[in-house]
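Visitor: Structure incoming, see below.
2 protein chains.
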Amino acid sequence: MAKPPKQNSPITEHLAYLLAQANREINRQLELRLSKEGVPVEQWRILKVLSDGNGHSMGELADAVLLNHPTLTKMIDRMVSDTLVYRVQDPNDRRKVLMFISDRGKVLCKKLNSLAVDQEEHILESYGDKPTSELKRLLESLIDSSN
Amino acid sequence: MAKPPKQNSPITEHLAYLLAQANREINRQLELRLSKEGVPVEQWRILKVLSDGNGHSMGELADAVLLNHPTLTKMIDRMVSDTLVYRVQDPNDRRKVLMFISDRGKVLCKKLNSLAVDQEEHILESYGDKPTSELKRLLESLIDSSN
DNA sequence: CTTCAATTCTTGAATATTCAATATTTTCAA
DNA sequence: TTGAAAATATTGAATATTCAAGAATTGAAG
């Protein structure tokens, strides 16, 4: 009797790979739009989180925008130079630094938001309304179940 | 009449963000497993693609494993040093280099595959069978619709 | 109170990635 | 057939990221 061929699944069937591939593609598209304003995706995320007007600590921010602490510190350094955001020492816990968005940052953030909305709309068109919201739902619950 | 507050959707609702977050988390888990063999995820992908025994050009490989050409070149340099893969000039088109997996590479790849399968099983358990295959289906069709 | 461990952020060195330029080979039109 | 354009891979310099260590502050136990 011949062994059944232990068919090893190709890499394209792994969830990790599909996620990486989809992420890469969607990110590439978004990057392309935001490059009109010369801003990397991560900076848009930072501006968007800060645009609630509240102060956010570096740790909080790093989690929210999916960056390591040192990487975030250096990116924030650049954004401070560009006067998009500014640092304030937290008066209640002086180990912490609170980040705020500047007026210039708010103006830029609005432009970026509309570029991003363009993309979302483009996805809705080509991919469909229902699959999009279904995909979002599934991704949220995957993330939940991973904690 | 007060304007309705133009509620700007938080970043956590954007598809691009959800994909990045899910990808980061799943990739982190996979990295953790593969680190048992001291191998980065990208090298596992390379080995897996090459394990069909056929020669693959650098361009083909770069597409398949989601890496830029120069990044791939340098990663392959390391893997050649580790005798996991080797280069052969394509006899039919001498601009190309064909990559092959070595015996050592095959042995390592098998170990890595089972570590990756562990992870997939862990996801199936905590996230569920049906949501997983549904998510895969949606990701594939998103990727399709983006080309 | 004092001291020691934990938390938060930043820094500098090591490592990795990217961009632009280069070298080689092939393709194809004139 | 020749010469210019395209395709393929690599290199080196510029840039970005990461890891490990450091500085400052807080918390909490003795």
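Chains G and C, in that order, are what the protein sequence lines are. Per our numbering, the very first residue in the first sequence carries number 3; after that it's consecutive. Per our numbering, the very first residue in the second sequence carries number 3; after that it's consecutive. Cβ coordinates follow ideal geometry from the N, Cα and C atoms, glycine included.
Is it true that the segment 97-104 of chain C meets the segment 53-60 of chain C, where meeting means three or more beta-carbon pairs spaced less than 8 angstroms apart?
Guide: yes
Visitor: Nearest chain G C-beta to Lys-50/C closer than 8 angstroms, yes or no?
Guide: yes
Visitor: Measure from the C-beta of His-16/G to each C-beta in chain C and report whether the shortest distance is under 8 angstroms.
Guide: yes
Visitor: Examine chain G for any beta-carbon lying closer than 8 angstroms to the beta-carbon of Arg-47/C, and answer yes or no.
Guide: yes
Visitor: Quick check on His-16/G: buried or exposed, where buried means 16 or more other Cβ atoms within 10 Å of its Cβ?
Guide: buried
Visitor: When the Cα atoms are used, what is the spatial distance from Ser-147/C to Arg-97/G?
Guide: Spanning the two alpha carbons is a distance of roughly 47 angstroms.
Visitor: Name the two residues that bound the continuous alpha helix (DSSP H) containing Arg-30/G.
Guide: 17-36
Visitor: Around the Cβ of Gly-61/C, are there at least 16 other Cβ atoms within 10 angstroms (buried) or fewer (exposed)?
Guide: exposed
Visitor: Mark Asn-184/C as exposed unless 16 or more other C-beta atoms lie within 10 angstroms of its C-beta, in which case mark it buried.
Guide: In the structure displayed, chain C extends from 3 to 149; residue 184/C sits before or after that span and is not available.
Visitor: At a Cβ threshold of 8 angstroms, is Ile-28/C touching chain G?
Guide: yes
Visitor: Would you list the residues sitting across from Leu-100/C in a DSSP beta bridge?
Guide: Ser-59/C and Val-90/C
Visitor: If you measure between the beta carbons of Gln-45/C and Met-77/C, is that distance less than 8 angstroms?
Guide: yes
Visitor: Using the Cα positions of Asp-87/G and Pro-93/C, report the straight-line distance between them to the nearest angstrom.
Guide: With the sequence shown as reference, residue 87/G is identified as Val, and Asp is not the correct amino acid for it. Approximately 56 angstroms, taken between the alpha carbons.
Visitor: Can you tell me whether Leu-68/G is helix, strand or coil according to DSSP?
Guide: coil
Visitor: Short check: CB of Ala-18/G to CB of Asn-29/C, under 8 angstroms?
Guide: yes
Visitor: Go ahead and label Lys-5/C buried or exposed: buried means 16 or more other beta carbons lie within 10 angstroms of its beta carbon, across all protein chains shown.
Guide: Low per-residue confidence applies at Lys-5/C: pLDDT is 49, beneath 50, and the placement is therefore not dependable, though the value from the model is reported in the following sentence. Residue burial is scored here from C-beta neighbours: Lys-5/C has fewer than 16 other C-beta atoms within 10 angstroms and is therefore classed as exposed.
Visitor: Below 6 angstroms CB to CB, which residues in the same chain sit around Ala-1/G once its five sequence neighbours on both sides are set aside?
Guide: The first residue shown for chain G is 3 and the last is 149, placing residue 1/G beyond what the model contains.
Visitor: Per DSSP, what kind of secondary structure is Val-43/C in: helix, strand or coil?
Guide: helix
Visitor: Classify Asp-131/C as helix, strand or coil using the three-state DSSP reduction.
Guide: helix
Visitor: Keeping to the same chain, check which residues put their C-beta closer than 8 angstroms to that of Glu-33/G; ignore five residues upstream and five downstream.
Guide: Pro-42 and Val-43
Visitor: Buried or exposed for Gly-107/C, please, with buried defined as at least 16 other CB atoms from any protein chain shown within 10 angstroms of its CB.
Guide: buried
Visitor: Tell me the rounded alpha-carbon separation between Leu-1/C and Thr-14/C.
Guide: Any question about residue 1/C goes unanswered here, given that chain C covers just 3 to 149.
Visitor: Would Lys-5/C pass as an interface residue toward chain G - the criterion being a Cβ-Cβ separation below 8 angstroms?
Guide: Summary for Lys-5/C: the model assigns pLDDT 49, below 50, so the residue's position carries little reliability; its value from the coordinates is reported in the next sentence. It does not: the Cβ of Lys-5/C has no partner Cβ on chain G nearer than 8 angstroms.
Visitor: Here's the rule I'm using: 16 or more other beta-carbon atoms within 10 Å means buried, otherwise exposed. How should Arg-47/G be labelled?
Guide: buried
Visitor: Quick one, are the C-beta atoms of Ser-11/G and Pro-133/C less than 8 angstroms apart?
Guide: no
Visitor: Of all Cβ atoms in chain C, is any one closer than 8 angstroms to the Cβ of Ala-22/G?
Guide: yes
Visitor: Spell out whether any CB of chain C is found under 8 angstroms from the CB atom of Leu-32/G.
Guide: yes
Visitor: Return the chain-ordered list of same chain residues with a C-beta closer than 6 angstroms to the C-beta of Pro-122/G, the five sequence neighbours on each side being excluded.
Guide: It is worth fixing the name first, because residue 122/G is Glu in this sequence and not Pro. Cβ within range, chain order: n/a, list empty.
Visitor: Return the CA-CA distance between Leu-137/C and Leu-49/C, expressed in angstroms with no decimal places.
Guide: 25 angstroms
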